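**Student:** This is the structure I have questions about; it appears just below.
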Amino acid sequence: MTPAVRRYQGRKVLNRVSGIDACGGCGRRVLDPDTGVIYAKSTRGYVVTIGLVRCGRIWFCPECSSAIRRGRTEEIKTGALRHLAAGGTLAVVVLTARHNRTTDLGDLVSAIWGGPLLGDSGAPVLDRSGKPRRAPGAYQRMLTAPAFYGRPEARRTRKDGSTYARPAEDGIRHRIGYVGMVRAAEVTRSQENGYHPHLNLLVFLGGTLSGTPAKGIVTAHFEPSANSLTEWEDWLRGMWAGALKRADPAFEPSTDCNKRDCKCGGKGHGVMVHIVRSADDEALIEYLTKNQDGKPRSRPDSVDQDLAAATGAAMETTRADTKTGRGRASMTPFQLLYRLWDIEVAGLGSDAAEGYGTPAQLRAWWAQYEDALSGRRAIEWTRGLRRHVDLDGDDDEETDLQYVYEAEAAPLEGGVILTADAVRLVVGADAELDIEDVVLAEAYDSAVDIVTGLDGRASHVRIATAEELAQTQESLFARVQARAEESKRQLRIAQWEADQAEADRYRRHLVGLLAQLAATKQQ
């Protein structure tokens, strides 16, 4: 079974078990019923489906996650190669916490990379603008700790009232040349210890900064000394364990290990650090700057080593969707969906299906996962880092959706257009892959047979040429864009009306206060 088929099966199960409306409609709802849905063969040789809603949920949808992580990985790999070529150093860091089967996933996630600040009643604490305040997790404390970040110059007051200037102090980041990092969160689930969230970091080191990492400029690069890197790693282990302990003593990871031949090397299981350097900066620079003309070009072994290192680091950081658990002892969240498909759709027995757990357990585990990860970013660059490696872009969900819909922009050779009614029949019968197979084989008449075999109408399937598909595609995009612009306009109107209502309430409040003041004076 191919990974693409497995992802399709996982999304079909997601449609049925998810409590998130967008996930329930991903790959099912028709964007524009008047246009229908295109199933077409692209000039690149694969089948694209155009006209269905995509959820763009990197945590929850196997299909959307694959597209987003593929795009994000390429972005990170480009940034990593540019940093290496400039003479920088990379560090792959994995941060974990202690947990067991009784650990609440939401609490552990909040302890690791922050969460909403809750009051005594358990309700979110709001700021002055009415937005929920966030409590920092161990990750945020790691970035802002004075030992790491340093201290700016500050004015201080003595007991006698006199003032003095406290000089600025360098932190560990200055000695290792910290430029920024990409944070990618990942979650697995083991039969023995339950959910296991952890962070994969790709840290950009060896940069001399004028200013701060967020707003400054990299003026030069250097190789961090072994002593500085050891200082950083030792500090990180202690800080990480301490921050998690303050959140909950049960989360504190070990900082040493006596297990023979353990991969931690005796350093404990909370922090893992691996340093990546360029094999040959000059050769990599030449490859990156001169390999843009599209001509095949031989490259030295050192460049292959750099490409492999950067690709591996980027993949390890972001491609949680391609990872699988260890046998029956551990699963990724998507494997929960795959096991449900095996048992409930494919009819496999528990022993033959992938992973572990009964259908009721799998649904409960998935609900916990959705509740804990909803609204959280899976991949995030620190401020300023993209600029330091000459990249545009952002971490927003709109960019994620661009990656999801990217394949639909490919030129089309031929295919079929199904009406919304025909699509509902195909999707309801889990027959999308059958349609894709006949389109890939260019047996377009067979698509009519599939729809009529599901009691649909032959007239609801139209075979289209490349020109007709391009026209339909252009029309669809125009209609969807127009609806999106209208939706934005309505949101702006609603926001303006809300602002006006708030201003009216404030004015009435002031009038009331003035009336009370006037009455008090008269008394």
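Under the numbering used here, read the sequence shown as residues 838 to 1360, first letter to last.
Ideal Cβ positions, reconstructed from N, Cα and C, are used throughout, including at glycine.
Computed from a predicted structure; not experimentally measured.
With three or more C-beta pairs closer than 8 Å as the rule, is the segment 876–895 touching the segment 1239–1249?
**Tutor:** yes
**Student:** Which residue comes first and which comes last in the beta strand (DSSP E) that contains Pro-1034?
**Tutor:** Start and end: 1031–1042.
**Student:** Going by C-alpha to C-alpha distance, which of Trp-1072, Leu-1081, Asp-1071 and Val-1016 sits closest to Glu-1060?
**Tutor:** The shortest C-alpha separation from Glu-1060 is found at Val-1016.
**Student:** For Leu-889, which three-state DSSP category applies?
**Tutor:** It is a strand residue.
**Student:** Entirely within the segment 860–941 and at least 3 residues each: give me those beta strand (DSSP E) ranges in chain order.
**Tutor:** 874–879, 884–887 and 926–932
**Student:** Considering only residues of the segment 1159–1236, which uninterrupted beta strand (DSSP E) runs meet the minimum length of 3 residues and lie entirely inside it, listed in chain order?
**Tutor:** Unbroken beta strand (DSSP E) stretches of 3 residues or longer found wholly inside the segment 1159–1236: 1216–1218, given in chain order.
**Student:** Between which residues of its own chain and Val-1285 is the CB-CB distance below 7 Å, once the five residues before and five after are set aside?
**Tutor:** Ala-1295 and Val-1298
**Student:** May I ask you to list the residues that DSSP assigns as paired with Pro-953?
**Tutor:** Arg-971
**Student:** For Thr-1049, is the classification buried or exposed, using 16 other Cβ atoms within 10 angstroms of its Cβ as the cut-off for buried?
**Tutor:** exposed
**Student:** Evaluate Asn-1037 with the Cβ neighbour count: other Cβ atoms within 10 Å of its Cβ, from every protein chain shown; 16 or more gives buried, anything less gives exposed.
**Tutor:** buried
**Student:** Can you give the Cα-Cα distance for Lys-849 and Gly-1230, rounded to whole angstroms?
**Tutor:** 31 Å
**Student:** Alpha carbon to alpha carbon, what distance is there between Met-838 and Asp-1085?
**Tutor:** 43 Å
**Student:** Please go through the same chain and pick out, in chain order, the residues whose beta-carbon is closer than 7 Å to the beta-carbon of Ser-1065, but skip the five residues on each side of it.
**Tutor:** Arg-1012 and Ile-1013
**Student:** Please report the residue range of the beta strand (DSSP E) in which Gly-1252 lies.
**Tutor:** 1249–1255
**Student:** Which value, in whole angstroms, describes the spacing of the CA atoms of Val-890 and Arg-1097?
**Tutor:** Just so you know, the alpha carbons of Val-890 and Arg-1097 end up roughly 52 Å apart.
**Student:** From the DSSP secondary-structure annotation, give me the bridge partner or partners of His-1058.
**Tutor:** Gly-1044
**Student:** Check whether the segment 1177–1189 and the segment 917–932 are in contact - that is, three or more C-beta pairs closer than 8 Å.
**Tutor:** no
**Student:** Assuming Trp-950 and Leu-1210 are in contact, meaning their beta carbons sit under 8 Å apart, how far apart are those beta carbons, in whole angstroms?
**Tutor:** That belief does not hold up - the Cβ atoms of Trp-950 and Leu-1210 are roughly 11 Å apart, past 8 Å.
**Student:** Using the Cα positions of Glu-971 and Leu-1277, report the straight-line distance between them to the nearest angstrom.
**Tutor:** In the sequence under discussion, the amino acid at residue 971 is Arg, which differs from the Glu named in the question. Their Cα atoms are separated by approximately 49 Å.
**Student:** Starting from Ser-1312, trace the alpha helix (DSSP H) both ways and give me its first and last residue.
**Tutor:** 1303–1359
**Student:** Taking the alpha-carbon of Leu-980 as reference, which of Leu-1313, Arg-993, Arg-1020 and Leu-1228 has the nearest alpha-carbon?
**Tutor:** Arg-1020
**Student:** Are Ile-1254 and Gly-873 touching if we call contact CB-CB under 8 Å?
**Tutor:** yes
**Student:** So, helix, strand or coil for Val-1110, using DSSP?
**Tutor:** strand
**Student:** Can you tell me the Cα-Cα spacing of Arg-853 and Cys-863, whole angstroms?
**Tutor:** 11 Å
**Student:** What residue range is occupied by the uninterrupted alpha helix (DSSP H) comprising Val-962?
**Tutor:** Run containing Val-962: none; DSSP gives neither H nor E here.
**Student:** Check whether the Cβ atoms of Ala-859 and Arg-894 sit closer than 8 Å, and answer yes or no.
**Tutor:** Yes, they are a contact pair.
**Student:** Please list, in chain order, all residues of the same chain as Pro-961 whose beta carbon is under 8 Å from its beta carbon, the five residues on each side excluded.
**Tutor:** Pro-953, Leu-954, Leu-955, Pro-969 and Arg-970
**Student:** Is Arg-1320 buried or exposed, if buried means 16 or more other CB atoms sit within 10 Å of its CB?
**Tutor:** exposed
**Student:** Which two residues bound the contiguous alpha helix (DSSP H) that contains Arg-1076?
**Tutor:** For the sequence presented, residue 1076 should be read as Met rather than Arg. Going by DSSP, Met-1076 is part of the alpha helix (DSSP H) stretching over 1063–1084.
**Student:** Using C-beta distances below 8 Å, list every residue in its chain close to Leu-1270, excluding the 5 sequence neighbours before and after it, in chain order.
**Tutor:** Val-842 and Tyr-845
**Student:** Let me know the secondary structure DSSP gives Ile-1287 once reduced to three states.
**Tutor:** DSSP, read as helix, strand or coil, puts Ile-1287 in helix.
**Student:** Can the beta-carbon of Ile-875 be found less than 8 Å from the beta-carbon of Leu-1306?
**Tutor:** yes
**Student:** Along the beta strand (DSSP E) that carries Arg-995, what are the first and last residues, could you check?
**Tutor:** Where Arg-995 is concerned, there is no enclosing beta strand (DSSP E), given that its DSSP letter is neither H nor E.
**Student:** Given a cut-off of 8 Å on the beta-carbon distance, is the pair Glu-1006 and Arg-995 in contact?
**Tutor:** no
**Student:** If you count every other CB in all the chains shown that lies within 10 Å of the CB of Gly-1293, and 16 or more means buried, which is it?
**Tutor:** buried
**Student:** Give the straight-line distance between the Cα atoms of Ser-902 and Thr-1195, rounded to the nearest whole angstrom.
**Tutor:** 25 Å
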